[in-house]
Amino acid sequence: MNTTSLLKINTPEPDLVKQSFPVTGMSCAACAASVEAILGNTEGVKQASVNFASNSVLVEYQNTLAPAEMSKALQGGGYDIITDTADSLGVQQQVQNKQYRLLKQQTTWAAIFTLPVFVIGMFFMDWQPGRWISAVLTIPVLFYFGKRFFINAWKQAQHKKANMDTLVALSTGIAFLFSLFNTLFPEVLQSKGFAPHVYYEAATVIITFISFGKLLEERAKASTSSAIKKLIGLQPKTLWVVIDGEEQEIDIQAVALGMHIVVRPGEKIPVDGRVIKGSSFVDESMITGEPMPVEKKAEDKLFAGTINQKGSLRFEAERVGQETLLAQIIKMVQEAQGSKAPVQKLVDKVAGIFVPVVMLISILTFVAWFTFGGEQALTQALLNAIAVLVIACPCALGLATPTAIMVGIGKGAEHNILIKDAESLELAHQVNAVVLDKTGTITEGTPSVKDMVWLESEQMSHWQGILIAIEQQSEHPLAEAIVQTLREQGTNPQAIEQFYSITGKGAVATDTTGNTYYVGNHRLLEEYKIEISAALTQQVRQWQSQAYTVVFFANSTQVLAVFAITDQIKETSYQVIQQLQTQGVEVYMLTGDNHQTAKAVAQQVGIRYFEAEMLPQDKQAFVQGLQAQGKVVAMVGDGINDSQALTQANVSIAMGKGSDIAMDVAQITLITSDLALVPKAFKLSTKTVKGVRQNLFWAFIYNIVGIPLAAGVFYSFNGFLVNPMLAGAAMAFSSVSVVANSLRLKMIRL
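Be aware that the sequence shown starts at 4, since it is given in our numbering, and climbs by one per residue.
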């Protein structure tokens with residue numbers, strides 16, 4: 004598997020850097036818009052895209068701009084980015100954990116202080132000492148446990164901006180000041196014919212409900228990034244290196260290229276490298292998806308995040324830090340989760356103007372009720388204006404798309420489907436034409452036994468056992484093909500001795516009785532002067548004319564078996580192609596092979612449309628032709644000759660075992676190269692887009708219905724008014740419900 008540069012993140016210009024930074028200080032979608040605006044106006048930044056759900060920003064900036072300058076610009080607005088590239092996610096996790104614990108403490112104490120205020124306000128509202136008790140208890144709830152709302156609102160106001168904190172600070176602050184005024188000077192309103200009501204319970208309950216909702220939201224948001232956490236957890240924090248002949252434990256950040264690293268049984272491989280001593284079996288399922296451990300010995304490649312199972316290994320570090328395969332996978336998933344789906348751009352514009360519009364509606368509500376509210380005009384005007392401020396929730400809009408996209412991309416990563424951007428995930432469900440390359444896509448792209456001829460003998464079973472024993476010790480891909488075939492036939496290996504490999508020719512071994520056996524090509528037989536019968540010679544020539552590779556198995560006197568090795572069709576190809584066609588997706592096969600071979604493969608897998616002897620530009624032109632017919636085209640390939648067509652396609656899918664350039668240009672990479680992942684990727688897209696639409700529907704409906712309801716628009720019809728406390732609970736529920744709906748994607752079966 005060609006994995007050493009599986010996921011390269013390209014930058015559009017050589018002097019630009021594209022990097023994701025964790026963001027701190029954001030409390031709502033309007034905050035995300037502010038961070039984008041601040042960074043977008045920073046000299047040297049070309050583009051900034053904030054993901055509120057993951058608290059991260061993907062920045063494209065000139066390499067002459069220091070990240071510290073971006074941090075300084077954000078700090079003026081009450082935000083910041085974590086620029087510690089060595090362990091930015093770890094630092095962000097620590098910050099978030101600290102903030103979560105603080106939020107939990109503040110919410111708990113706010114609830115404790117709020118309970119007596121609520122009881123007094125609801126059941127003992129005419130008890131005069133109760134007003135003073137409520138005032139005293141309300142002060143710490145608002146200005147200590149809920150001080151973050153006022154601090155953040157003030158920072159936003161200094162930059163002539165407003166966010167969710169602004170709405171909360173205004174609503175609770177107005178309710179408290181009005182109540183305190185009526186507590187201190189009740190005679191002022193009484194002299195004008197108004198009852199001096201107090202609303203301490205509304206202010207405290209709003210702070211408590213919104214804090215509790217934020218607590219639930221943060222917990223739910225943390226679950227949406229579980230895929231990233233799982234990937235990060237694959238890399239150990241420390242490792243053992245050999246320095247001056249002694250083993251020493253060092254931090255993962257201190258490892259350098261060329262170091263000799265020791266991995267014991269059960270430990271994770273810390274970095275990419277090459278085995279220099281020892282042998283073992285390594286679980287590489289995180290890369291290949293295959294549950295069977297892979298044998299590793301001298302000169303074999305190791306990849307970070309895989310797990311050593313049995314023996315001890317010493318290897319040389321060849322790729323460390325951000326250059327390892329695991330780091331590249333993490334980076335790609337991060338950038339994909341941080342990218343915006345096209346629908347999110349509209350939502351961002353709405354969220355950016357949402358808070359000022361809500362403030363205007365609140366003012367109009369106050370004026371309308373104060374003018375036409377009758378005897379309780381001032382009270383109703385104040386309560387309804389506060390309810391409008393509280394019930395409005397840009398957070399639900401801001402979370403609707405990114406949470407679903409994050410969970411969808413994470414779900415794909417867990418199933419070996421690596422998605423590079425949100426746009427491809429959103430578009431994939433619209434695909435109605437799939438173009439498949441043949442070699443390595445429909446076919447295995449690895450050698451396999453097509454045919455074989457054995458010498459008729461009672462000893463055939465014994466010879467098969469000798470052959471599989473020899474080939475199991477060989478590293479050659481052709482040997483793997485023969486071993487696989489013999490295993491499928493139920494062959495058990497026999498004992499062999501004195502195995503040795505002859506480069507470019509094959510291998511020689513003896514059994515326990517001293518008989519010598521040879522496995523390899525024709526040159527090996529010539530070297531040991533082993534003749535081939537006329538009948539076998541004719542069969543070999545026929546196979547060679549069909550471009551098969553021939554492998555001989557012989558003893559000292561005669562050829563015992565001959566194998567024709569070819570590239571077989573993948574087991575899942577027929578089923579997948581039929582599945583796609585049943586779903587109404589047209590499937591095309593393009594290949595550079597001759598017409599007869601292409602026709603034979605197409606017939607075997609049930610493809611009705613195919614083209615043979617195609618050059619790279621021909622494949623691109625074919626995709627263009629389909630697009631000209633109005634089709635949404637997905638191109639699936641693995642080779643350099645597929646790169647042009649992959650670039651042209653609406654959705655490009657590369658096989659993980661393919662060439663680097665194919666994976667560089669593709670939007671989706673299938674790590675295991677299993678064609679069955681293609682319809683799974685389409686299903687994932689369908690489910691994710693459905694989740695996004697559901698989230699947006701409920702977020703918009705919530706505000707479309709909630710704001711007029713809070714303003715009292717329907718009062719003349721049903722006599723119902725929304726209490727500010729109920730508005731606070733509804734606002735908290737809206738954000739949590741959107742995130743919870745996104746998390747349902749984790750439960751889908753692909």
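The C-beta atom is built at its ideal place from N, Cα and C for all residues, glycine as well.
Cβ-Cβ distances below 6 Å link PHE153 to ALA172 in the same chain, with the five nearest sequence neighbours on each side left out; the list follows chain order.
The Cβ atoms of LEU649 and MET617 do not sit closer than 9 Å to each other. The residue among GLN331, VAL244, SER194, VAL122 with its C-alpha nearest the C-alpha of THR207 is VAL122. Excluding five sequence positions before and after LEU629, the CB atoms of its chain that fall closer than 6 Å to its own CB belong to ALA436, VAL636, given in chain order.
With 16 or more other Cβ atoms inside 10 Å of its own Cβ, PHE215 counts as buried. Taking the Cα positions, VAL265 is about 13 Å away from ALA301.
Scanning the region 426-469 for uninterrupted beta strand (DSSP E) segments of 3 residues or longer gives 436-440, 446-457, listed from N- to C-terminal end. Using a Cβ distance threshold of 9 Å, GLN159 and GLY80 count as a contacting pair. A distance below 6 Å between beta-carbons, with the five flanking residues on each side excluded, links GLN571 to the following residues of its chain, in chain order: GLU447, SER451. Assigned with DSSP and collapsed to three states, ASN100 falls in helix. Residue pairing by DSSP puts THR513 in a beta bridge opposite GLU500, THR519. Ranked by Cα distance from VAL139, the options PHE126, ALA156, ASN558, PHE116 are led by PHE116. According to the DSSP assignment, VAL53 belongs to the beta strand (DSSP E) that extends over 48-54. The Cβ atoms of SER182 and THR141 sit closer than 9 Å to each other. Rounded to whole angstroms, the Cβ separation of LEU329 and PHE318 is 15 Å, and the two are not in contact under 8 Å. Beta-bridge partners assigned by DSSP to TYR612: TYR591.
Distance from the CA of LEU439 to the CA of LYS453, rounded to the nearest whole angstrom, comes to 23 Å. Secondary-structure assignment with DSSP links GLN65 through a beta bridge to LEU19. Here ASN66 is exposed, its C-beta having fewer than 16 other C-beta atoms within 10 Å. The three-state reading of DSSP puts LEU328 in helix, counting H, G and I together.
Per the coordinates, the alpha-carbon of ALA113 lies some 28 Å from the alpha-carbon of THR406. Rounded to whole angstroms, TYR202 and ARG222 show a C-alpha spacing of 31 Å. Counting C-beta pairs with one atom in each stretch, the region 375-383 and the region 162-171 have fewer than three that are closer than 8 Å, which means they do not touch. With respect to the C-alpha of GLN623, the residue from SER655, ALA71, VAL60 having the closest C-alpha is SER655. Here ALA320 really is in contact with LEU260; their C-beta atoms are around 6 Å apart, less than 8 Å. Where HIS263 is concerned, the enclosing beta strand (DSSP E) starts and stops at 263-266.
Cβ-Cβ separation between VAL297 and VAL285: approximately 5 Å, consistent with a contact (criterion under 8 Å). When the beta-carbon positions are compared, ILE310 and LYS334 stay at least 9 Å from each other.
For GLN541, the secondary structure class from DSSP, reduced to helix, strand or coil, is helix.
Listed in chain order, the non-local C-beta contacts of THR27 below 6 Å within the same chain comprise ASP83, VAL98, local neighbours out to five positions each way being set aside. The C-alpha of TRP546 lies about 56 Å from the C-alpha of ASP254.
The three-state secondary structure of THR569, taken from DSSP, is strand. When the alpha-carbon of ILE422 is set against those of ASP621, VAL681, THR368, GLN467, the nearest one is in VAL681. Annotation for GLU72: THR45, GLY47 place their beta carbon closer than 8 Å to its own, counting only its chain and skipping 5 residues before and after. Under the 10 Å beta carbon count, TYR551 is surrounded by 16 or more other beta carbons and is classified as buried.
Per the Cβ contact rule, the region 584-593 is not in contact with the region 466-486 (fewer than 3 Cβ pairs under 8 Å).
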